[in-house]
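Engineer: Got a structure for you, questions after.
2 protein chains.
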Amino acid sequence: MARQATGAARRVVVAAEAPRDEKFNARRIELAEAALETLGELGFARTSLREIAQNSAFTHGVFHYYFSDKLDLICCCVRHYKAKCVTRYDEVVTSAQSRDELTEGFLGKLAETLQNEARMHRLWYDLRAQAMFEPAFRKDVLEIDKSLEAMIWRIASRYAELGGKRPASSPAALYALLDGLFQSALLRHLANDETAVPDLLAEVRRLLPTIC
Amino acid sequence: MARQATGAARRVVVAAEAPRDEKFNARRIELAEAALETLGELGFARTSLREIAQNSAFTHGVFHYYFSDKLDLICCCVRHYKAKCVTRYDEVVTSAQSRDELTEGFLGKLAETLQNEARMHRLWYDLRAQAMFEPAFRKDVLEIDKSLEAMIWRIASRYAELGGKRPASSPAALYALLDGLFQSALLRHLANDETAVPDLLAEVRRLLPTIC
DNA sequence: AATAATTTTGGACAGTCGTCAAGATGGCTG
DNA sequence: CAGCCATCTTGACGACTGTCCAAAATTATT
Numbered sequence: 014m015a016r017q018a019t020g021a022a023r024r025v026v027v028a029a030e031a032p033r034d035e036k037f038n039a040r041r042i043e044l045a046e047a048a049l050e051t052l053g054e055l056g057f058a059r060t061s062l063r064e065i066a067q068n069s070a071f072t073h074g075v076f077h078y079y080f081s082d083k084l085d086l087i088c089c090c091v092r093h094y095k096a097k098c099v100t101r102y103d104e105v106v107t108s109a110q111s112r113d114e115l116t117e118g119f120l121g122k123l124a125e126t127l128q129n130e131a132r133m134h135r136l137w138y139d140l141r142a143q144a145m146f147e148p149a150f151r152k153d154v155l156e157i158d159k160s161l162e163a164m165i166w167r168i169a170s171r172y173a174e175l176g177g178k179r180p181a182s183s184p185a186a187l188y189a190l191l192d193g194l195f196q197s198a199l200l201r202h203l204a205n206d207e208t209a210v211p212d213l214l215a216e217v218r219r220l221l222p223t224i225c
Numbered sequence: 014m015a016r017q018a019t020g021a022a023r024r025v026v027v028a029a030e031a032p033r034d035e036k037f038n039a040r041r042i043e044l045a046e047a048a049l050e051t052l053g054e055l056g057f058a059r060t061s062l063r064e065i066a067q068n069s070a071f072t073h074g075v076f077h078y079y080f081s082d083k084l085d086l087i088c089c090c091v092r093h094y095k096a097k098c099v100t101r102y103d104e105v106v107t108s109a110q111s112r113d114e115l116t117e118g119f120l121g122k123l124a125e126t127l128q129n130e131a132r133m134h135r136l137w138y139d140l141r142a143q144a145m146f147e148p149a150f151r152k153d154v155l156e157i158d159k160s161l162e163a164m165i166w167r168i169a170s171r172y173a174e175l176g177g178k179r180p181a182s183s184p185a186a187l188y189a190l191l192d193g194l195f196q197s198a199l200l201r202h203l204a205n206d207e208t209a210v211p212d213l214l215a216e217v218r219r220l221l222p223t224i225c
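In C-alpha cells:
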C-alpha cells in the first residue's frame, strides 16, 4: 500500500517505522525547499505543481507522492521557512551587551532580510492573506504569527532590560507595529523604491527608545 | 469600432464625448460592484470572470467589453471600494467635540467595519499581497495605502488637537500600527475567534492616549 | 422610418490546472 | 535469484481558465 501523504494519517506510526518516517519527512523538506524557489517568484496563486517541478530536479508526480495536495505542500513550505525565520535575531539578542549593540544588530539583520529575502517574505504575506479565505491555512498561519510575535517580544524585552526598563507596549501591539512597517517597506522595496530600506531603518531606530 | 476598454486609451476623449464617457464609467462601476460580491467571497486567485458573471445579473462577455482584462477589473473594484473606505471616519472626526467622543466614535466604526465588512477588507489585504508579485497592481495599491495612512493621520491629529497635544508618532508608524492590529484582528475574527473584536478595541483604546 | 453605432450575448478556442493510476526503477529480504 | 516494497515517472483525464469573436439586440442619429 502506498504511504498516505496526509499529515493526519502519517502521525500514527509505530516506533519501528520511525526511521523510515524520518526519511520520508526529510524528503518532504527537500521538496518543500525546491518548491519555495518557484513560490517566492510567482506567489501562491500563480504557481502550479508542474511549474514547481520544472524549476526543480523533480517531476510533478513526486510532489503528489509526498503531499496530499497543493495546500499540504504549501503549508509545509512556509512552515519550514518560518521555522528558520523565528531564530533570525536570536544570536543578536543573546550576544548584545548594550542597547546600541542590540539596535545595530537588529537593524542590520532587518535590512539584510528585506533586501535578500524579499521573495520569501512576500510569500508569507501572500499566504497570510490567503488564510483569510482558505480555512485550511489558518491554523498554520496563526501559529506562525504567534511565534513571530514572540520573536519580536524577545528582542523588545532584551532591549528594555539593557536599559533597565520594561517594554511600554503589549506583545501584540509591538508585533503589529513592526510587522506593519516591514510589510509596507517590503512593498516599496519590491517597487524599486530606493528609500524603502533606509526609511524603515530610520523609523525603527527612532521608535525603539519610545516603546521600551 | 468598439470602444477601447483600457484606461489609458480612454483618457483621450474630446469634450463632446464626455457624457458618453461618463455613462461608460458608470457602467464600469456597476459591474465592479457586482464583481466585489464574488471577489470578497473567494479572493482574487479563486475568482474567475465566469464565476463573477454567474453571481451577478451580467454575462461574462460584458466584463470583457468594459474591462481590458481581469487585472483591470479588479483594480477598478478595489479602487472603488477603498474610495468609500477612506471617508469612513470623517464624520466622526469632524463632529467629535472631545477625546472621549472621538475615541468612542472611532472604536464603534472600527468594530462595525471588522464585523460587517470583513469580506471586503480581506480582499484588500489579498490585493496588497498580490501587488508584491504583480507590478500592475502596485501603483493603485501604493496610492490607496497612502490615502489610508492619511485617513488615520486625520483621526490622530484631531485626537491630539482635542487634548491640546501633537501626535507623538509619524504618520507611517501610526498607520502601520493600526493596520497591523486590524489585519491580525481580521484574521482571528474570520477564524471565528470571539475575542478578536473586543481585544482589538481594548488594545486601541489603551494605545490612543500613549501615541497622541 | 431607416440607418448607423453601441452594447450585449453566448459559444468556441487554446491552454493550464490538479489529480490520478498504471507501469518503470532499484534496493532489500527471504 | 525471485519476490516485494517504497519510490518515482509518465501520460492521460476532465474541468476550468482568460480571451476572443460573430451575430443578435438595443439604442441613438439622421
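In order, the protein sequences belong to chains A and B. Take 14 as the starting number for the first sequence in the working numbering and just add one per residue. Take 14 as the starting number for the second sequence in the working numbering and just add one per residue. Virtual Cβ for every residue (Gly too), placed ideally from N, Cα, C. The model shown is predicted, which means the values in this text are computed figures rather than measured ones.
1. Does R151 of chain B get closer than 7 Å to chain A when you measure Cβ to Cβ?
2. When DSSP labels each residue in this structure, what does T10 of chain A get in the three-state scheme?
3. When Cβ atoms are compared, which residues of the stretch 155 to 169 of chain A fall closer than 8 Å to chain B?
4. Express the C-alpha separation of A58 of chain A and A22 of chain A in angstroms, rounding to a whole number.
5. State the Cα-Cα distance for the pair V27 of chain B and A39 of chain B, rounded to the nearest angstrom.
6. Kindly indicate which three-state DSSP category M145 of chain A falls into: helix, strand or coil?
7. Per the contact definition of three or more C-beta pairs closer than 8 Å, is the stretch 157 to 167 of chain A in contact with the stretch 160 to 179 of chain B?
8. Look up D139 of chain A in the DSSP assignment and say whether it is helix, strand or coil.
9. Comparing the C-beta of R135 of chain A with each C-beta of chain B, is any distance below 7 Å?
10. Using 10 angstroms around the beta-carbon of R69 of chain B, count the other beta-carbons present and answer buried if the total reaches 16, otherwise exposed.
11. Quick check on the burial criterion: 16 or more other C-beta atoms within 10 angstroms. Buried or exposed for R219 of chain A?
12. Secondary structure at Q128 of chain A, three-state DSSP: helix, strand or coil?
13. Let me know if G56 of chain B comes out buried or exposed under the rule of 16 or more other beta-carbons within 10 Å of its beta-carbon.
14. Report yes if the C-beta distance between L44 of chain B and Y79 of chain B is below 7 Å; otherwise report no.
15. Quick check: is the beta carbon of G282 of chain B nearer than 7 Å to any beta carbon in chain A?
16. Label A144 of chain B either buried or exposed according to how many other C-beta atoms from any shown protein chain fall within 10 Å of its C-beta, with 16 as the threshold for buried.
17. Below 8 Å CB to CB, which residues in the same chain sit around A131 of chain B once its five sequence neighbours on both sides are set aside?
18. DSSP on D34 of chain A, reduced to helix/strand/coil?
19. How would you write the range of the alpha helix (DSSP H) that V91 of chain A sits in, first residue to last?
20. If I measure Cβ to Cβ from Y172 of chain B and keep anything under 7 Å in the same chain, skipping five residues before and after, which residues do I get?
21. How would you call A215 of chain A, buried or exposed, if buried means at least 16 neighbouring beta carbons within 10 angstroms?
22. At a Cβ threshold of 7 Å, is S81 of chain B touching chain A?
23. Go ahead and label Q110 of chain B buried or exposed: buried means 16 or more other beta carbons lie within 10 angstroms of its beta carbon, across all protein chains shown.
24. Quick one: which residues of the stretch 41 to 70 of chain B get their C-beta closer than 9 Å to a C-beta of chain A? List them in chain order.
25. Secondary structure at F80 of chain A, three-state DSSP: helix, strand or coil?
26. Suppose you measure from the CA of S170 of chain B to the CA of G193 of chain A; what does that come to, to the nearest Å?
27. Got a sec: which bits of the stretch 84 to 115 of chain A sit with their beta carbon under 9 Å from any beta carbon on chain B, in order along the chain?
28. Starting from the beta carbon of L203 of chain A, find every residue of chain B whose beta carbon is closer than 7 Å, and list them in chain order.
29. Can you name, in chain order, every residue of its own chain whose Cβ lies under 7 Å from the Cβ of I42 of chain A, other than the five neighbours on each side?
30. Taking 6 Å as the limit between beta carbons, can you name the residues of its chain near R179 of chain B, skipping five residues before and five after?
31. Give the secondary structure of F150 of chain A by DSSP, where H, G and I count as helix, E and B as strand, and everything else as coil.
32. Put D192 of chain B into one of helix, strand or coil per three-state DSSP.
33. With distances taken from CA atoms, which of B:L175, B:R167, B:D85, B:G176 is nearest A185 of chain B?
34. Pull up the distance between the alpha-carbon of K36 of chain B and that of Q196 of chain A, whole angstroms please.
35. Spatial neighbours of T19 of chain A within its chain, please: C-beta separation below 6 Å, excluding the five flanking residues on both sides.
36. When the Cα of L187 of chain B is compared with those of A:K122, A:E207, A:V217, A:Y102, which residue comes out closest?
Structural biologist: Reading it off the structure:
1. Yes, R151 of chain B lies at the interface with chain A (some Cβ there is under 7 Å from its Cβ).
2. Outside the displayed range of chain A (14 to 225) lies residue 10 of chain A, so it cannot be described from this structure.
3. If the cut-off is 8 Å between Cβ atoms, the stretch 155 to 169 of chain A has L155, D158 near chain B.
4. The predicted model places A22 of chain A with a pLDDT of 35, which falls under 50 and marks its position as unreliable; any figure quoted below should be read in that light. Going from the Cα of A22 of chain A to the Cα of A58 of chain A covers about 27 Å.
5. Any reading at V27 of chain B is ruled out, since the residue's pLDDT is 43, under 50, leaving its predicted position unreliable.
6. M145 of chain A: coil per DSSP, three-state reduction.
7. In this structure the stretch 160 to 179 of chain B does not touch the stretch 157 to 167 of chain A; the number of beta carbon pairs closer than 8 Å is below three.
8. D139 of chain A falls in the helix class under three-state DSSP.
9. Output row for R135 of chain A: interface = yes.
10. First, the amino acid is wrong: residue 69 of chain B is Ser here, not Arg. Buried is the call here.
11. By the 10 Å Cβ count, R219 of chain A comes out exposed.
12. Reduced to three states, the DSSP call for Q128 of chain A is helix.
13. Of the residues assessed, G56 of chain B falls on the buried side of the cut-off, its CB having 16 or more other CB atoms within 10 angstroms.
14. With respect to the 7 Å criterion, L44 of chain B and Y79 of chain B are classified as neighbours on the basis of their beta carbons.
15. One cannot answer for residue 282 of chain B here, as it falls past the ends of chain B, which runs 14 to 225.
16. A144 of chain B should be labelled buried.
17. Closer than 8 Å at the Cβ level, and outside the excluded window around A131 of chain B, lie L199, H202, L203.
18. Helix, per DSSP.
19. If you look at V91 of chain A, you'll find it in the alpha helix (DSSP H) that goes 83 to 98.
20. Sequence-distant partners of Y172 of chain B (beyond 5 residues in either direction) whose C-beta falls short of 7 Å from its own C-beta, in its chain, are R112, L115, L221, C225.
21. Answer is exposed; the Cβ neighbour count stays below 16.
22. Contacts with chain A at 7 Å (Cβ-Cβ) do not include S81 of chain B.
23. Under this definition Q110 of chain B is an exposed residue.
24. Residues passing the 9 Å Cβ filter: E54, L55, G56, F57, A58, R59.
25. Note: F80 of chain A maps to coil in three-state DSSP.
26. Going by the C-alpha atoms only, they are around 20 Å apart.
27. Listed in sequence order: no entries.
28. Those within 7 Å of L203 of chain A in chain B are M145.
29. Here the set comprises H93.
30. Hits under 6 Å: A173.
31. In the three-state DSSP reduction, F150 of chain A falls in the helix class (H, G or I).
32. Residue state, collapsed to three classes: helix.
33. Nearest of B:L175, B:R167, B:D85, B:G176 to A185 of chain B, Cα basis: B:R167.
34. About 38 Å.
35. Note that T19 of chain A scores 38 on pLDDT, short of 50, meaning its location in the model is unreliable and no value can be drawn from it.
36. For the residues A:K122, A:E207, A:V217, A:Y102, the minimum Cα distance to L187 of chain B belongs to A:V217.
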